[in-house]
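If you read the sequences in order, they're chains A and B. Last residue of the first sequence: 87 in this note's numbering, with the numbers rising by one and none dropped. Last residue of the second sequence: 233 in this note's numbering, with the numbers rising by one and none dropped. Note that CB positions come from ideal geometry on N, CA and C, so glycine has one too. These numbers were taken from a predicted model, which means no experiment stands behind them. Everything below concerns the one structure shown next.
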Amino acid sequence: MRQRVSLLWLVMLLMTLASWSLGIEEVSRPAAASMFGTLVLSIAYIKVRFIGLDFMELRDSPIALRLMFEIYAAAVMLLVIVLYLVA
Amino acid sequence: MRPARSNADQANTRRPVREPEIYRASVGTYVFGDMPTSQGRRTPHAAVPDRHVPGEPGLWVFIFGDLSVFAVVFAVYLWYRMHEPGIFAASQQQLEPAYGAAYTMLLLTSSLLVAQGVYAHRSYAATGIARRCLLGGQLCGMAFVVLKIVEYHSKIADGLTITANSFYLCYYIVTGLHLFHVILGIGVLTFLLNLAGKAPTLRREAYIEGGASFWHMVDLLWLIIFPLIYLAR
Chain A
1 MRQRVSLLWL VMLLMTLASW SLGIEEVSRP AAASMFGTLV LSIAYIKVRF IGLDFMELRD
61 SPIALRLMFE IYAAAVMLLV IVLYLVA
Chain B
1 MRPARSNADQ ANTRRPVREP EIYRASVGTY VFGDMPTSQG RRTPHAAVPD RHVPGEPGLW
61 VFIFGDLSVF AVVFAVYLWY RMHEPGIFAA SQQQLEPAYG AAYTMLLLTS SLLVAQGVYA
121 HRSYAATGIA RRCLLGGQLC GMAFVVLKIV EYHSKIADGL TITANSFYLC YYIVTGLHLF
181 HVILGIGVLT FLLNLAGKAP TLRREAYIEG GASFWHMVDL LWLIIFPLIY LAR
């Protein structure tokens, strides 16, 4: 368990650096801005899931609680991505 | 029957530990009661077979409520952006994603430390480690606050205040609301530090798990705010 969260921390750190460099790069290519934006938001969704399931330990929680979290995370990220793209 | 305790724990206790409480989660069927022990230590969480509500169910009502409030806040931000895309795009250029990335890394590290602190607390012999981990997490949180003040100061010094335009209105409200939660979280961690220094009981473990979950929620929210405000143009 301890190793898993340590590994996930490292993975999320790398994802953060990747998102950051993507975010900077897309400035020079405005046409692809929406694509990069969607990508970094999707990466955020993955991180959110890791925090919920492994750090908050919802993976081992009663199914109802886990399901609530999964639904919440998916619904919010979907809403955010859709509203982001509509603009 | 109370499990045997190591010398280190004897040194930390002032009063005898109460018998473990029976704790029922209304969601799920986990009964705290007699957790399996081996050689006087609790087994690590991974070995506990039943599904378990971290903290207690009431806390999750609060956490989901808070998450929902932020969901609405994000929707409002995006609604404003939909109506003034030019202003938002131009203003976002003025932000420095380096700050955002630094905040993210600070909170990720703090979450790791807090999680390790919770695991350490579950093993009776690791009280010192638990407190150090929780303290480390709290220090990361404080670094977040300091950096946030630096960023706000530099923005305000450039005349980019909350009334500058609709983007900055959203920016200060979203990040300010989150900052408020970080500060609350630091307070919660202080409470957890206090608990972790005392004799471990099941109630205290539940509080520590719950407080840690609140902190992870604060991290979770920032993981959305960072790309939303700093990166997604």
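Evaluate leucine 113/B with the Cβ neighbour count: other Cβ atoms within 10 Å of its Cβ, from every protein chain shown; 16 or more gives buried, anything less gives exposed.
-> buried
Under 8 Å, do arginine 233/B and glutamine 92/B count as touching if we go by C-beta distance?
-> yes
For the alpha helix (DSSP H) containing histidine 181/B, list its first residue and its last residue.
-> 166-196 is the extent of the alpha helix (DSSP H) around histidine 181/B.
Alpha-carbon spacing of alanine 102/B relative to alanine 64/A, whole angstroms | Inter-residue distance for alanine 102/B and alanine 64/A is about 35 Å (C-alpha atoms, whole angstroms).
Buried versus exposed call for aspartate 219/B [16 or more other C-beta atoms within 10 Å across all chains shown] | buried
Does the pairing of the stretch 39-48 of chain A with the stretch 68-85 of chain A give three or more beta-carbon distances under 8 Å?
-> The answer is yes - the stretch 68-85 of chain A touches the stretch 39-48 of chain A, with three or more Cβ pairs under 8 Å.
Please check if any C-beta of chain B sits within less than 8 Å of the C-beta of glutamate 57/A.
-> Judged by the 8 Å Cβ criterion, glutamate 57/A is in contact with chain B.
Under 8 Å between C-beta atoms, does arginine 204/B make it to chain C?
-> The chain labelled as chain C is not found among the protein chains of the depicted structure, namely A and B.
Below 8 Å on the Cβ atoms is my guess for leucine 192/B versus leucine 134/B; work out the distance and round it to an integer in Å.
-> 6 Å
Would DSSP call aspartate 158/B helix, strand or coil?
-> coil
Stretch-stretch touch, CB-based, cutoff 8 Å, three pairs: the stretch 211-228 of chain B with the stretch 171-187 of chain B = As far as the Cβ criterion goes, the stretch 211-228 of chain B touches the stretch 171-187 of chain B, which means the pair count is three or higher.
Extent of the continuous alpha helix (DSSP H) to which serine 61/A belongs = Per DSSP, serine 61/A belongs to no alpha helix (DSSP H) and is neither H nor E.
Are tyrosine 99/B and leucine 147/B closer than 8 Å when you measure CB to CB?
-> yes
Comparing alpha-carbon positions, which option in Ile149/B, Glu84/B and Ser213/B lies nearest asparagine 165/B?
-> Glu84/B
Go ahead and label alanine 157/B buried or exposed: buried means 16 or more other beta carbons lie within 10 angstroms of its beta carbon, across all protein chains shown.
-> exposed
Chain-ordered chain A contacts of proline 54/B [CB-CB under 7 Å] | Under the 7 Å cutoff, chain A gives Met56, Glu57 and Ser61.
Aspartate 54/A lies in the alpha helix (DSSP H); which residues open and close that run?
-> Segment: none, aspartate 54/A is in no alpha helix (DSSP H) and carries neither H nor E.
Starting from the Cα of tyrosine 168/B, find the closest Cα among Tyr77/B, Leu202/B, Gly141/B and Gly197/B and give me that residue.
-> Tyr77/B
Which of helix, strand or coil does DSSP assign to alanine 11/B?
-> At alanine 11/B the pLDDT is 45, less than 50, meaning the model places this residue with poor confidence; the figure from the coordinates comes in the next sentence. Helix at alanine 11/B.
With distances taken between CB atoms, is the gap from proline 97/B to tryptophan 9/A smaller than 8 Å?
-> Note that the C-beta distance between proline 97/B and tryptophan 9/A is not below 8 Å.
Beta carbon of valine 73/B nearer than 8 Å to that of valine 174/B | For valine 73/B and valine 174/B, yes; Cβs fall inside 8 Å.
Distance, Cα to Cα, asparagine 194/B vs isoleucine 63/B?
-> Roughly 22 Å separates the two Cα atoms.
What residues from chain B crowd round valine 11/A, counting only those whose CB sits closer than 7 Å?
-> Correct list: empty, because the minimum Cβ distance to chain B is about 10 Å.
Nearest-angstrom Cα separation, counted from threonine 127/B out to alanine 212/B = 16 Å
When the Cα atoms are used, what is the spatial distance from methionine 82/B to threonine 104/B?
-> Straight across, the Cα-Cα distance linking methionine 82/B with threonine 104/B is about 26 Å.
Compare the C-alpha of phenylalanine 144/B against each of Phe70/B, Ile162/B, Leu106/B and His121/B and name the closest.
-> Leu106/B
Among the residues of its own chain, which have a CB less than 8 Å from the CB of glycine 185/B, if the five just before and after it don't count?
-> Closer than 8 Å at Cβ, skipping near neighbours: Gly141, Phe214, Trp215 and Val218.
Using a C-beta cutoff of 8 Å, does threonine 104/B count as contacting chain A?
-> yes
Would a check of beta-carbon distances place isoleucine 224/B closer than 8 Å to chain A?
-> yes
From Lys47/A, Phe69/A and Val5/A, pick the residue whose C-alpha is nearest to that of threonine 16/A; which is it?
-> Residue Lys47/A is the option with its Cα nearest to threonine 16/A.
Is glycine 55/B helix, strand or coil by DSSP?
-> coil
Determine the direct distance from the alpha carbon of phenylalanine 36/A to that of cysteine 170/B, and round the result to whole angstroms.
-> 22 Å
Where does arginine 2/A fall in DSSP's three states?
-> helix
Does any C-beta atom of chain A lie closer than 8 Å to the C-beta of arginine 42/B?
-> Here arginine 42/B scores only 44 on pLDDT, less than 50, and its place in the model should not be relied on; the value that follows carries that caveat. No, no contact with chain A.
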